[in-house]
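Novice:
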Amino acid sequence: MRIPDKSITLPVILVVFIILGAVFAYNPSPYTHGLDYDVHDGVVDYQFSSTIGMETHMVIFSNSGLFDIETVVFYVDHGYASRNPWGLQEEMYEDMEMHLSVRSFDGFIYCTAQEMSDLMSIADPSKTALMFASGSFPDLIYDGKAECPLVDWLNRGGVVVNISGCFGKYVSHGPDPSDIEEIEDFGDMFAEADDDAFMDGDTRRYADYECNEDVRDSLNFMMNEITYGVDLAWLDDRLPLGYVDEEGISAATLFKSGNGMVMNFGASLSSHVHFDYHIAQIIVAGLDYTSKLIESIDGHTRADPSGSFSIPDCSYTAYGFIGDIRPVFGLRMS
Amino acid sequence: MTDHLCQRDCFTDGFVWKIAVVIVIGIMIRYTLGLFFTYPTDVNYWVIISENFFSDEGLYGLPGYYYTPVWGYMLAVLTWIAGMIGIPLGEYVPELVREGILMDWNTAMPSIEYAMLIKTFLFIVDLLIAFVLYRIGTYVYGRRHGFLMFTIWFLCPFTIIVSSIRMMFENVEILFLLLALLMMIQKRPALAGIMMGISLLVKPYGLFPGLLMIGFAYAQSGSVNYTLRYVLMTVVTGFLIMLPVIVSGNLEEAMIWLSSRSSGAGSGSGYNMTLYLMPVLVVLSLIGALIFAKKEIDDVPTLIGTSLVITSMMLLVPGNIQYYLLLLPMILLIPSRAIVPAVLMFLILSIFAFISYSTWSSYLYVHEGLWGSDSLKTFVSYLYPIDSRLAYNPLKTITAAIALATPFIHAYLWRVSDAHS
Numbered sequence: 040m041r042i043p044d045k046s047i048t049l050p051v052i053l054v055v056f057i058i059l060g061a062v063f064a065y066n067p068s069p070y071t072h073g074l075d076y077d078v079h080d081g082v083v084d085y086q087f088s089s090t091i092g093m094e095t096h097m098v099i100f101s102n103s104g105l106f107d108i109e110t111v112v113f114y115v116d117h118g119y120a121s122r123n124p125w126g127l128q129e130e131m132y133e134d135m136e137m138h139l140s141v142r143s144f145d146g147f148i149y150c151t152a153q154e155m156s157d158l159m160s161i162a163d164p165s166k167t168a169l170m171f172a173s174g175s176f177p178d179l180i181y182d183g184k185a186e187c188p189l190v191d192w193l194n195r196g197g198v199v200v201n202i203s204g205c206f207g208k209y210v211s212h213g214p215d216p217s218d219i220e221e222i223e224d225f226g227d228m229f230a231e232a233d234d235d236a237f238m239d240g241d242t243r244r245y246a247d248y249e250c251n252e253d254v255r256d257s258l259n260f261m262m263n264e265i266t267y268g269v270d271l272a273w274l275d276d277r278l279p280l281g282y283v284d285e286e287g288i289s290a291a292t293l294f295k296s297g298n299g300m301v302m303n304f305g306a307s308l309s310s311h312v313h314f315d316y317h318i319a320q321i322i323v324a325g326l327d328y329t330s331k332l333i334e335s336i337d338g339h340t341r342a343d344p345s346g347s348f349s350i351p352d353c354s355y356t357a358y359g360f361i362g363d364i365r366p367v368f369g370l371r372m373s
Numbered sequence: 223m224t225d226h227l228c229q230r231d232c233f234t235d236g237f238v239w240k241i242a243v244v245i246v247i248g249i250m251i252r253y254t255l256g257l258f259f260t261y262p263t264d265v266n267y268w269v270i271i272s273e274n275f276f277s278d279e280g281l282y283g284l285p286g287y288y289y290t291p292v293w294g295y296m297l298a299v300l301t302w303i304a305g306m307i308g309i310p311l312g313e314y315v316p317e318l319v320r321e322g323i324l325m326d327w328n329t330a331m332p333s334i335e336y337a338m339l340i341k342t343f344l345f346i347v348d349l350l351i352a353f354v355l356y357r358i359g360t361y362v363y364g365r366r367h368g369f370l371m372f373t374i375w376f377l378c379p380f381t382i383i384v385s386s387i388r389m390m391f392e393n394v395e396i397l398f399l400l401l402a403l404l405m406m407i408q409k410r411p412a413l414a415g416i417m418m419g420i421s422l423l424v425k426p427y428g429l430f431p432g433l434l435m436i437g438f439a440y441a442q443s444g445s446v447n448y449t450l451r452y453v454l455m456t457v458v459t460g461f462l463i464m465l466p467v468i469v470s471g472n473l474e475e476a477m478i479w480l481s482s483r484s485s486g487a488g489s490g491s492g493y494n495m496t497l498y499l500m501p502v503l504v505v506l507s508l509i510g511a512l513i514f515a516k517k518e519i520d521d522v523p524t525l526i527g528t529s530l531v532i533t534s535m536m537l538l539v540p541g542n543i544q545y546y547l548l549l550l551p552m553i554l555l556i557p558s559r560a561i562v563p564a565v566l567m568f569l570i571l572s573i574f575a576f577i578s579y580s581t582w583s584s585y586l587y588v589h590e591g592l593w594g595s596d597s598l599k600t601f602v603s604y605l606y607p608i609d610s611r612l613a614y615n616p617l618k619t620i621t622a623a624i625a626l627a628t629p630f631i632h633a634y635l636w637r638v639s640d641a642h643s
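Respectively, the protein sequence lines represent chains A and B.
Numbered according to the working numbering, the first sequence terminates at residue 373, and the numbering increases by one at each position without gaps.
Numbered according to the working numbering, the second sequence terminates at residue 643, and the numbering increases by one at each position without gaps.
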């Protein structure tokens, strides 16, 4: 007995299905999104557009008006030893680039220690964020003393993004791991805090006690690893973004340092795929350590794509994005 | 003509209605369970992958997809459907935050609409497998056995849990593997090769039957050309599927899942492809293929029995629970009472699979809004101590061991009955 030829129908349909999927997967731009807005008479009208149906979110936060990040500088320098593997850092930066691009942010550059040092002398500190995921700073930028480019940068109102490292504790003098020096009294230098305020975890720790629900719910920001978190008790001007444990250790924190701001994210770098996009979200959203949620407006690209909000009578940031867990589009409007 | 007569008979003897009843019952159970429960690990990554597609970053652009691409291509189509309908994809569920749990791995959840879209696809695959099993069973053993295989597969709680709660695509791999077998039985080696190539790039656990089928193809035809058609189409299909991945420079990302499972450095639950075990089983399969070719063994039960033995050996080392689904169709394709212990074992495993998903560390999520109170959550949380007391991994090993023994039990029973007759 021979099974009739119609038996090949199913294999053929399945192969066509897979080919169709490959076309969708590799088609350069099957989906497009946008956000148009118009400011007039103290009101901002906005309209999301998209080729797909998806949730939209418009969030308005107050801020100090002191920072307006336009450029993110990724620090990579194999000439200096690092506490986190360079390969992992570069992988994280590559992902970060994409997450920032998705949010319409294209101002990022890679710098060695020397290039960063040169840049720090000419860049506008309030518009430039220096990003470190190395766990240790190169001695060209920070040597553990108050008179160094990094402290000067912060005193001039600059922004530093610190990921997966104890902020200020380690200085790298050269390419060998033994070239990394442990600094004392660094907490006082950056935040008038005890060194113990900055976690330097040997083991990974996660908080589940409480969190900043405004940030969590409006920006879908979920971060709870406190391995390299900071103790909020030591910081006066700070905004905890993610979860905080019972002892007050915060997973993600924006805090004032000098006249500038440190964005500290306390998760381990090996988990970076779980938090890269959260960091991109915070950078693009324009939050600082004074930020408070003014308004959060949800909608849908099809059912409810447009809206408006009154311009607050304080300095503010308005950020619109499409999607939930990992937004598919974002744009900061002010 | 014969086919038309058969179809008419099927209607007149109520056979079609029996099949219809099984389908309706199976679908109802799936949707009922699937609407309420989703196991929130891995599946939240289907959401993230869909979001990556919507971000125009493709399958491997942004992190999230770590498998070889076939399942991703299927998700691309499903994502397009989700986008066109405009359903929400998923969200964070703060209630799932637990001490010691990393964000987004365990705390992001697909929306019920998105979950049901993916699950519906998996239910269809379940059903297609049932039909393919029915076809193979009918062809090799007769319609009664074909119907039995159809029914056991489609109503087995284990099959249902994997697609409706675990929401994993193990059944996609099985569908292509069975289609490869069906095509081979129909003496279509090229199509069998295409199906096998796809199956191996969904997940590679069909490798051993795939290798054995080389010997089977030769035994079936006595022709090297015929056999080469199967082998070449497997390789060419695999290459064509991987080509865009290679060209776009994402080969490393596409191999992450596979390498984590073969190095034993994965999540701690996928050691069954460890480097020391795999070469042994591959060599065993190749020896099996040689024996098939040399002794001209071209009967399906022997092919299935040998595949089952070697695949079960791999799963003696406990792996993720959904991997065990692959054993079930192989067991069902053995035509005797010998399968009873193994099928019973799968029923027991189903209970523990459900309980396992309710533990605090692998939290079974009850979809909000469909269940008004926390009573169900409370109920499943009570089950956790049962799970922790009765070790879960030994149960998986026992299942694999019984599956491994099944072909031997079958051979023994066959000899006994042969002696009596």
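Ideal placement from N, C-alpha and C gives every residue a C-beta, glycine not left out.
#1: When DSSP labels each residue in this structure, what does E279 (chain B) get in the three-state scheme?
#2: What does A357 (chain A) touch in chain B if you count any residue whose Cβ is under 8 Å from its own?
#3: My output table needs one value for V367 (chain A): the three-state DSSP class, helix, strand or coil.
#4: So R371 (chain A) contacts chain B; which residues on that side make the cut at Cβ distance below 9 Å?
#5: Taking the alpha-carbon positions, what's the M262 (chain A) to E317 (chain B) distance?
#6: Give me the chain A residues within the contact set of E273 (chain B), using Cβ-Cβ distance strictly less than 7 Å, ordered along the chain.
#7: Is the beta carbon of T356 (chain A) sitting closer than 9 Å to the one on I47 (chain A)?
#8: Pairs of beta-carbons, one from the stretch 351 to 358 of chain B and one from the stretch 498 to 514 of chain B, closer than 8 Å: are there three or more?
#9: Taking the beta carbon of Q153 (chain A) as the centre, do at least 16 other beta carbons fall within 10 Å, making it buried, or is it exposed?
#10: Using only CA atoms, which one of B:G444, B:V424, B:S445, B:A414 lies nearest to L433 (chain B)?
#11: Which residue comes first and which comes last in the alpha helix (DSSP H) that contains D134 (chain A)?
#12: Using the Cα positions of W125 (chain A) and S173 (chain A), report the straight-line distance between them to the nearest angstrom.
#13: Give the interface partners of I374 (chain A) over in chain B, defined as CB-CB distance under 8 Å, in chain order.
#14: Output yes or no for whether 9 Å exceeds the beta carbon distance between L271 (chain A) and G287 (chain A).
#15: Might you give, ordered along the chain, the residues of its own chain that have their beta carbon closer than 7 Å to the beta carbon of P50 (chain A), omitting 5 neighbours on each side?
#16: Give the residues of chain A in contact with M417 (chain B), contact being defined as C-beta atoms less than 7 Å apart.
#17: Taking all protein chains shown into account, do 16 or more other C-beta atoms lie within 10 angstroms of the C-beta of T208 (chain B), making it buried, or fewer, making it exposed?
#18: Report the residues of the stretch 262 to 286 of chain B with a CB closer than 8 Å to any CB of chain A, ordered along the chain.
#19: Counting contacts by CB-CB distance shorter than 9 Å, is F345 (chain B) in contact with chain A?
#20: For T250 (chain B) and S386 (chain B), what's the separation of their Cα atoms in angstroms?
#21: Mark A641 (chain B) as exposed unless 16 or more other C-beta atoms lie within 10 angstroms of its C-beta, in which case mark it buried.
#22: At the level of alpha carbons, what is the spacing between D215 (chain A) and V394 (chain B)?
#23: Flag Q544 (chain B) as yes if its beta-carbon sits less than 9 Å from any beta-carbon of chain A, otherwise no.
#24: Report all residues from its chain with a CB closer than 8 Å to the CB of G236 (chain B); omit the five preceding and five following residues, and keep chain order.
#25: Strictly below 7 Å CB to CB, what residues from chain B border S68 (chain A)?
#26: Look at the alpha carbon of Y634 (chain B) and the alpha carbon of I407 (chain B), and state the distance between them as a whole number of angstroms.
#27: Are I321 (chain A) and L258 (chain A) touching if we call contact CB-CB under 9 Å?
#28: Counting only beta-carbon atoms, is Y363 (chain B) nearer than 9 Å to chain A?
#29: Using a Cβ-Cβ cutoff of less than 7 Å, which residues in the same chain neighbour H226 (chain B) once the five nearest sequence positions on both sides are dropped?
#30: Tell me, to the nearest whole angstrom, how far the beta carbon of Y70 (chain A) is from that of I91 (chain A); I am working on the premise that it is less than 8 Å.
#31: DSSP puts D77 (chain A) in a beta bridge; with which residues?
#32: Taking the C-alpha atoms as reference points, what is the distance between P501 (chain B) and S445 (chain B)?
#33: For the alpha helix (DSSP H) that T449 (chain B) lies in, which residues bound it at each end?
#34: Please name the residue, chosen from A:N66, A:E109, A:G60, that lies closest to L370 (chain A) on a Cα-to-Cα basis.
#35: Does the beta-carbon of I265 (chain A), which I'm using as the reference point, lie nearer than 8 Å to any heavy atom of the ligand COA?
#36: I'd like to confirm the pairing. Which residues does DSSP put opposite T373 (chain B) in its beta bridges?
Specialist: By the coordinates alone:
#1: When DSSP states are grouped into helix, strand and coil, E279 (chain B) belongs to the coil group.
#2: In chain order: nothing, as chain B lies at least about 21 Å away.
#3: In this structure, DSSP gives V367 (chain A) a state outside helix and strand, which the three-state scheme calls coil.
#4: The CB of R371 (chain A) never comes closer than 9 Å to any CB in chain B; the least such distance is about 17 Å.
#5: One C-alpha to the other measures close to 14 Å.
#6: For a Cβ distance threshold of 7 Å, residue set G362, I364, R365, V367 of chain A lies close to E273 (chain B), ordered along the chain.
#7: Going by C-beta atoms, T356 (chain A) is not nearer than 9 Å to I47 (chain A).
#8: Taking 8 Å as the limit for Cβ pairs, the verdict is that the stretch 498 to 514 of chain B does not touch the stretch 351 to 358 of chain B.
#9: Its Cβ having fewer than 16 others within 10 Å, Q153 (chain A) is exposed.
#10: Ranking B:G444, B:V424, B:S445, B:A414 by Cα distance to L433 (chain B) puts B:A414 first.
#11: It spans 125 to 141 - the alpha helix (DSSP H) in which D134 (chain A) sits, taken as one unbroken run.
#12: Rounded to the nearest whole angstrom, the C-alpha separation of W125 (chain A) and S173 (chain A) is 7 Å.
#13: Lying outside 40 to 373, the shown extent of chain A, residue 374 (chain A) is not represented and no answer is given.
#14: Going by C-beta atoms, L271 (chain A) is nearer than 9 Å to G287 (chain A).
#15: Cβ within range, chain order: n/a, list empty.
#16: P50, listed in chain order.
#17: Shown here, chain B extends from 223 to 643; a query on residue 208 (chain B) therefore has no answer.
#18: Against chain A - using a Cβ distance shorter than 8 Å - the residues of the stretch 262 to 286 of chain B are N266, V269, I270, E273, N274, F275, F276, S277, D278, E279, G280, L281, G283, L284, P285, G286.
#19: Chain A, which has no Cβ nearer than 9 Å to the Cβ of F345 (chain B), makes this no.
#20: Note that residue 250 (chain B) is Met in the sequence shown here, rather than Thr. In a straight line, the C-alpha of M250 (chain B) is about 11 Å away from that of S386 (chain B).
#21: In this structure A641 (chain B) is exposed. Its beta-carbon is surrounded by fewer than 16 other beta-carbon atoms within 10 angstroms.
#22: When the Cα atoms are used, D215 (chain A) and V394 (chain B) turn out to be separated by approximately 49 Å.
#23: Taking Cβ atoms only, chain A never reaches closer than 9 Å to Q544 (chain B), which makes this a no.
#24: Sequence-distant Cβ neighbours of G236 (chain B) in its own chain, meaning closer than 8 Å and more than five residues away, do not exist here.
#25: The contact set of S68 (chain A) on chain B, defined by CB atoms closer than 7 Å, consists of D278 in chain order.
#26: Each residue's alpha carbon lies about 25 Å from the other.
#27: Yes, the pair counts as a contact, with Cβ atoms nearer than the cut-off.
#28: Under the Cβ criterion of 9 Å, Y363 (chain B) is not counted among the residues facing chain A.
#29: Model confidence at H226 (chain B) stands at a pLDDT of 46, short of 50, so the residue's coordinates are unreliable; what they give is reported in the following sentence. Correct list: empty, nothing qualifies.
#30: With a contact defined as Cβ atoms closer than 8 Å, Y70 (chain A) and I91 (chain A) qualify at about 6 Å.
#31: Note: D77 (chain A) sits in a beta bridge opposite A:D84.
#32: Cα to Cα, P501 (chain B) sits roughly 27 Å from S445 (chain B).
#33: Here the alpha helix (DSSP H) through T449 (chain B) covers 446 to 469.
#34: The residue with the shortest Cα to Cα distance from L370 (chain A) is A:E109.
#35: Because no ligand of any kind appears in the structure shown, any question about the ligand COA cannot be addressed here.
#36: T373 (chain B) is not bridged to any residue.
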